[in-house]
Amino acid sequence: MTVADLDALQAAVDSRPLLDTFAPVRRATESHRRRHGCWAYSYADGTVLGAVAARVRPAAVLELGTALGYTACWWATGGGHVDTVENDPEHVRLARVQIGGVGLAGRVTVHEGDFDAVLPSLPGPYDLAFFDGYAPSPALLARLQALVTPGGLLVTTNLDLGTGDFRGVLSTSPDWRTRFLDGDTAASIRVQGEA
Ligand SMILES: C[S@@+](CC[C@H](N)C(=O)[O-])C[C@H]1O[C@@H](n2cnc3c(N)ncnc32)[C@H](O)[C@@H]1O
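The numbers in the working numbering rise by one with no breaks, and the one at position 10 of the sequence shown is 11.
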């Protein structure tokens, strides 16, 4: 992708179909969260990610923060394989059930463990990485830079959680070109040739 592609990406998001194919997975996540009292808050509108996936068609996707698999299912609509990472064993179990239930078990692999523990074991490179853990940290950006292919895309959410400094880091980093797609989601292209 090039920086000009960010404009096309924004246009694809703005004109996307609004049918939430995976609404049942989202509802199962909400219902689970109320019982479990956890942080399994689903991404607000998976159709945004579906529009990005349809535009980019990533062959390999890395997702941090599975919960019950709502966003992993949306990324799989791009036609590639999704590696998604989750440290809560109950979420991992339920995600495998939900993902299997919509027929995507062969296209999504749920890796159980903390991001820091699992990332070194993943092969990469990825055409697209998606952060939907709690709050992204600047340190995480360096790790994702090593895993996302040059010209690949990093999609980040929860920008207003934590210290909130990730938004500023993304805006000023020489290694990424960023567009804020909505109030809390950024799309960043990894600058070609940078390691
Ligand atoms: C906001 S939810 C993900 C929502 C999911 N993407 C969706 O839209 O349904 C964040 C998930 O990340 C997991 N998580 C948070 N920090 C983590 C970490 N350091 N390592 C692995 N998983 C983590 C939580 O257990 C939770 O299930």
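The C-beta atom is built at its ideal place from N, Cα and C for all residues, glycine as well.
Owing to the predicted nature of the structure, the values given are computational and were not obtained by experimental measurement.
Note down, in chain order, each residue of its chain lying with its Cβ closer than 7 Å to the Cβ of residue i, except the 5 sequence neighbours on either side.
| i | result |
| --- | --- |
| Gln11 | Arg180, Leu182 |
| Ala196 | Its pLDDT being 41, under 50, Ala196 is placed unreliably in this model, and the value from its coordinates should be taken loosely. Closer than 7 Å at the Cβ level, and outside the excluded window around Ala196, lies no residue. |
Based on the DSSP secondary-structure assignment, which residues constitute the bridge partners of residue i?
| i | result |
| --- | --- |
| Ile190 | Leu154, Arg178 |
| Glu91 | Answer by DSSP bridge pairing: none, since Glu91 is not bridged. |
| Asp183 | Thr186 |
| His112 | Val86 |
| Tyr127 | Val149 |
| Leu65 | Val86, Phe132 |
Pull up the CB-CB distance for residue i and residue j, whole angstroms please, since I reckon it's below 8 Å.
| i | j | result |
| --- | --- | --- |
| Thr110 | Glu87 | Not quite, the Cβ-Cβ distance comes to about 11 Å (not below 8 Å), so this is no contact. |
| Leu154 | Met2 | 6 Å |
| Asp133 | Asn159 | 7 Å |
Should residue i and residue j be called a contact, given that it needs their Cβ atoms to be closer than 8 Å?
| i | j | result |
| --- | --- | --- |
| Pro126 | Val149 | yes |
| Arg178 | Pro151 | no |
| Arg56 | Ala5 | no |
| Leu95 | His33 | yes |
| Gly38 | Asp21 | no |
| Val53 | Ala188 | yes |
| Ala61 | Asp128 | yes |
Could you spell out the range, first to last residue, of the beta strand (DSSP E) harbouring residue i?
| i | result |
| --- | --- |
| Ala23 | Reading off the sequence shown, one finds Phe at residue 23, where the question assumed Ala. Here Phe23 belongs to no beta strand (DSSP E), and DSSP marks it neither H nor E. |
| Ala147 | Taken as a continuous stretch (DSSP letters only), Ala147 belongs to no beta strand (DSSP E), being part of the alpha helix (DSSP H) at 139-148. |
| Asp8 | Where Asp8 is concerned, there is no enclosing beta strand (DSSP E), although the alpha helix (DSSP H) it sits in stretches over 4-15. |
Sorted by chain position, which residues of the same chain lie with C-beta nearer than 6 Å to residue i's C-beta, five sequence neighbours on each side aside?
| i | result |
| --- | --- |
| Gly51 | Trp75, Thr78 |
| Arg27 | Ser43, Tyr71 |
| Pro137 | Thr157, Phe167 |
| Arg97 | Val111 |
| Thr186 | Thr158 |
| Ser16 | none |
| Arg58 | Gly79, Gly80 |
Would you give the residue range spanned by the alpha helix (DSSP H) that residue i belongs to?
| i | result |
| --- | --- |
| Ala55 | 47-57 |
| Trp76 | 71-77 |
| Gly169 | 166-173 |
Closer than 7 Å to a non-hydrogen atom of ligand 3 - does that hold for the CB of residue i?
| i | result |
| --- | --- |
| Gly169 | Of the ligands this structure carries, namely ligand 1, none is ligand 3. |
Would you say residue i reaches chain B, if we count a Cβ-Cβ gap shorter than 8 Å as a contact?
| i | result |
| --- | --- |
| Leu155 | No chain B is present in this structure, which holds just one protein chain. |
In chain order, what residues of the same chain have a beta carbon less than 8 Å from the beta carbon of residue i, not counting five sequence neighbours either side?
| i | result |
| --- | --- |
| Phe23 | Gly47, Tyr71, Cys74, Trp75, Val103 |
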